[in-house]
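Chemist: Structure incoming, see below.
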């Protein structure tokens, strides 16, 4: 049984570690326009894979500022990304083996410039060591839409 | 009494050193060396797509999925290891074949003991040859253990049925 002083110390440690990690929850104040469908299967019964997306705003000089992270721990998660200006999305696939003896983290980054009146449907899939991210844009009236090409940060000044 | 052990260790060291006096310096040397090398292999797959289609998919997917810097950590009681690896893919498409080369340079955690080609040691070479207008033969040269995710990704790209990226933290 954990005695109260030890419990308090553990709690304090967890809070401090969480603070040091630099991860914060994305404020998600914009109207919901990005639906992320997530499937994660590590391929090992002794390990696991967690998926999240880190969201950064991007200024006119292509500099990023981290806004926060959304844990993609449900099959579908809706997120509000500001319209009319670029955001930098970093999908993170974090894998750990039994008892965390080895870990790996891999990212898929892309710029997204959400347009007013459009919704974005993203797939983030991880299965047996293969990951896949794709984003589709479609009009609010149910048009077929188009695949959004992956864009690096250097392309942040391109308006399309 | 320790002398036989010393001799055995010395002999083993010489033999091991003899195994890796030089690594392939280009893709052609890698193709020649891999089939007979220790812990390396060459595998062949029949693909129901043209060589041109395979080459186009390699050109689309390889830069997106393999041009990466990867950091992995492993820890056991008493040790903690961090390895940072830089992967570099190259795709070459000619009339004869579509080639995908993958090189890896360790920036941290692994020593380079032999001369390293520019861009890193060759890790894998995949070649698609035309069989007819709609079929190809895919040959992949690479390690025999620990790199299954890259083999599966390359085969998925060649077939066009899985365009996902390999998790490069799952290699080695």
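Chains as they are written, first to last, in the working numbering: chain A, 9 to 168; chain B, 184 to 355.
Just so it is clear, CB atoms sit at the ideal spot from N, CA and C, and this is done for glycine as well.
1. On the CB-based measure, 16 or more other CB atoms within 10 Å of its CB, does residue 350 of chain B come out buried or exposed?
2. For residue 277 of chain B, which three-state DSSP category applies?
3. Would you please verify whether the beta carbon of residue 325 of chain B is less than 9 Å from any beta carbon of chain A?
4. What are the start and end residues of the alpha helix (DSSP H) that includes residue 339 of chain B?
5. Does residue 92 of chain A come within less than 9 Å of chain B when only Cβ atoms are used?
6. On the three-pair Cβ rule with 8 Å, is the segment 317 to 326 of chain B touching the segment 118 to 126 of chain A?
7. With distances taken Cα to Cα, identify the nearest neighbour of residue 74 of chain A among A:141, A:156, A:33.
8. Which of helix, strand or coil does DSSP assign to residue 353 of chain B?
9. Consider the Cβ of residue 25 of chain A: report whether some Cβ of chain B lies at a distance smaller than 9 Å.
10. Check the Cβ of residue 350 of chain B against every Cβ in chain A and list those closer than 8 Å, keeping chain order.
11. In whole angstroms, what is the alpha-carbon distance linking residue 39 of chain A and residue 80 of chain A?
12. Over the uninterrupted alpha helix (DSSP H) stretch that includes residue 238 of chain B, give me the two end residues.
13. Taking the beta strand (DSSP E) that residue 86 of chain A falls in, what are its first and last residues?
14. Whether or not the segment 256 to 267 of chain B and the segment 232 to 248 of chain B are in contact is what I'm after, with contact meaning three or more pairs of Cβ atoms, one per stretch, closer than 8 Å; do they touch?
15. Do residue 84 of chain A and residue 46 of chain A have their C-beta atoms closer together than 9 Å?
16. Taking residue 225 of chain B as the reference, give the member of B:232, B:215, B:254 with the closest Cα.
17. So which of B:282, B:354, B:286 has the shortest CA-CA distance to residue 320 of chain B?
18. Within the 9 Å Cβ cut-off, does residue 353 of chain B reach chain A?
19. Give me the chain A residues within the contact set of residue 345 of chain B, using Cβ-Cβ distance strictly less than 9 Å, ordered along the chain.
20. Would you mind giving the Cβ-Cβ distance between residue 89 of chain A and residue 63 of chain A, rounded to the nearest angstrom? I have them listed as a contact below 8 Å.
21. Kindly list the residues whose CB is nearer than 6 Å to the CB of residue 210 of chain B, restricted to its own chain and excluding five residues on each side of it in sequence; keep chain order.
22. Quick one: measure Cβ to Cβ for residue 253 of chain B and residue 352 of chain B, integer angstroms, because I've assumed they're closer than 8 Å.
23. Which same chain residues end up closer than 8 Å to residue 124 of chain A when comparing Cβ atoms and leaving out the 5 residues on each side of it in sequence?
24. For residue 158 of chain A, go through chain B and note every residue whose CB falls closer than 8 Å to its CB, in chain order.
25. Relative to the C-alpha of residue 250 of chain B, which residue among B:231, B:264, B:223, B:288 is closest?
26. Look up residue 215 of chain B in the DSSP assignment and say whether it is helix, strand or coil.
27. Using a Cβ-Cβ cut-off of 9 Å, state whether residue 188 of chain B counts as contacting chain A.
28. Under the assumption that residue 100 of chain A contacts residue 60 of chain A (Cβ atoms under 8 Å), give the Cβ distance between them as a whole number of angstroms.
29. Taking the alpha-carbon of residue 290 of chain B as reference, which of B:280, B:234, B:304 has the nearest alpha-carbon?
Modeler: Inspection of the coordinates gives the following:
1. The residue is buried, with at least 16 neighbouring Cβ atoms inside 10 Å.
2. Three-state DSSP puts residue 277 of chain B in coil, outside helix and strand.
3. Chain A contact via Cβ: absent.
4. Segment 331 to 342, the alpha helix (DSSP H) holding residue 339 of chain B.
5. Interface criterion not met: the Cβ of residue 92 of chain A is under 9 Å from no Cβ in chain B.
6. Pairwise C-beta distances place the segment 317 to 326 of chain B out of contact with the segment 118 to 126 of chain A, as fewer than three of them are shorter than 8 Å.
7. Minimum Cα distance to residue 74 of chain A is reached at A:33.
8. Residue state, collapsed to three classes: helix.
9. With a pLDDT of only 47 at residue 25 of chain A, under 50, the local geometry of the prediction cannot be trusted, and the value read off the model is given with reservation. Not closer than 9 Å to any Cβ of chain B, the Cβ of residue 25 of chain A fails to qualify, so no.
10. Here the neighbours are 101, 103, 112, 114, 134, 137, 138, 139.
11. So the two alpha carbons sit approximately 18 Å from each other.
12. Bounds of the alpha helix (DSSP H) holding residue 238 of chain B are 234 to 249.
13. Here the beta strand (DSSP E) through residue 86 of chain A covers 84 to 87.
14. No, the segment 232 to 248 of chain B is not in contact with the segment 256 to 267 of chain B.
15. Against a cut-off of 9 Å, the Cβ pair of residue 46 of chain A and residue 84 of chain A comes out as a contact.
16. The residue with the shortest Cα to Cα distance from residue 225 of chain B is B:215.
17. For residue 320 of chain B, the closest of B:282, B:354, B:286 by C-alpha to C-alpha distance is B:282.
18. By this cut-off, residue 353 of chain B is an interface position.
19. Those are 138, 140, listed as they occur along chain A.
20. Right, the Cβ-Cβ distance comes to about 7 Å (below 8 Å), so this counts as a contact.
21. Around residue 210 of chain B, the same chain offers 284, 308 as residues with beta carbons nearer than 6 Å, after the five sequence neighbours per side are excluded.
22. Contact flag correct, Cβ pair sits at about 6 Å.
23. Contacts found: 91, 92.
24. Around residue 158 of chain A, the beta-carbon contacts reaching into chain B at under 8 Å are 247.
25. Residue 250 of chain B has its Cα closest to that of B:288, out of B:231, B:264, B:223, B:288.
26. When DSSP states are grouped into helix, strand and coil, residue 215 of chain B belongs to the helix group.
27. Because residue 188 of chain B sits at a pLDDT of 42, beneath the cut-off of 50, its placement in the model cannot be relied upon, and the point is left open.
28. Sure, about 5 Å apart at Cβ, within 8 Å.
29. Per the Cα distances, B:304.
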